[in-house]
Amino acid sequence: MGGEDRSVLGRPARKPDRAWRYGPGPDQVADLYLATQARPSVPVLLIHGGFWRPEYDRTHLRPMAAALAAGGHSTLLIEYARVPGAPDRTMADVRAAVRAAEGPLGRSAPVLVGHSAGGHLALSLAADPAIGAGGCLALAAVADLQSAERDHLDGDAVRAFLGGAAADRADLDPARLPAPGMPTTLVHGRRDSLVPVRYSEDYAAATGARLVTPECGHFELIDPLAPAWPTVLAELAALGGPRVLNG
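Taking this note's numbering, the leading residue of the sequence shown gets 92, the next gets one more, and so forth.
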């Protein structure tokens, strides 16, 4: 794990434009960063990582959310339940956030952007035809729970999240869910020492999703100061088609 640049995790960022609740639950809150440039852009629903553990919350993605807004992308940075052994609470929260996103983001369908464990959640949502999103951008995603379990990822984070074996929860494993029903791109650094790039390579090969593998580590993909950041922005822009939410 040495060599990963974690500086973005503690970097100050501007405050959100406002807080927003997408439900009554204690973790059903989000930070709204409004676009600061009036130009055609892609609204973003941003899902943080942290291996689904309660000690990691959305605040470490605020520099990314602020940078997306500065680039013209209104961004909703969501929180969600992170209770070991209660993955259905996690999924219920992220689904509720997507359903309610029209409130703060408007009627243009957002692109789901998730990093690491948040990438797992984004890919899981993308496999559901009922999810109203314009695309999915999975950054350094934990795209295969069974492989991550065998690899003892981050001290057996998968078993802690699921409360049991990954084989018993194929319904939460992107590698065993249907292929995404929306445009989907995976970006995964070739030097990632925390989440192996082969998870994304195998997922892309199986589903036909687009895969981009820049020469970087795990956290550069969420760091607006890192050389990989323009790649993230370009792939986000490429996903932003003119899709409008129903209703």
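For every residue, glycine included, the Cβ atom is placed at its ideal position computed from N, Cα and C.
Within the region 143-220, the beta strand (DSSP E) runs of at least 3 residues that lie entirely inside it are, in chain order, 166-169, 202-206. Assignment of beta-bridge partners to R109 by DSSP yields L123. For the pair L330 and T276, the Cα-to-Cα distance works out to about 8 Å. Distances from the alpha-carbon of L125 to those of R102, M155, A160, L100 put A160 closest. Relative to the Cα of Y171, the nearest Cα in the group A251, Q119, H151, E193 belongs to Q119. The C-beta of R241 has fewer than 16 other C-beta atoms within 10 Å across all chains shown, which makes the residue exposed.
DSSP lists L203, T275 as the bridge partner or partners of C227. Relative to the Cα of L214, the nearest Cα in the group V185, A191, P195, G194 belongs to V185. In the three-state DSSP reduction, R301 falls in the strand class (E or B). When DSSP assignments are scanned along the region 239-299, the uninterrupted stretches of beta strand (DSSP E) that are 3 or more residues long and fall wholly within it turn out to be 275-278. Shown here, L136 sits in a strand according to DSSP, grouped into three states.
In this chain, the alpha helix (DSSP H) harbouring A329 covers 320-330.
Excluding its 5 nearest sequence neighbours in each direction, L216 has C-beta neighbours in its own chain below 8 Å: V185, R186, V189, L203, I222, A224, C227, listed in chain order. In the same chain as A256, and ignoring 5 residues on each side of it, the C-beta atoms closer than 8 Å to its own belong to E240, R250, in chain order.
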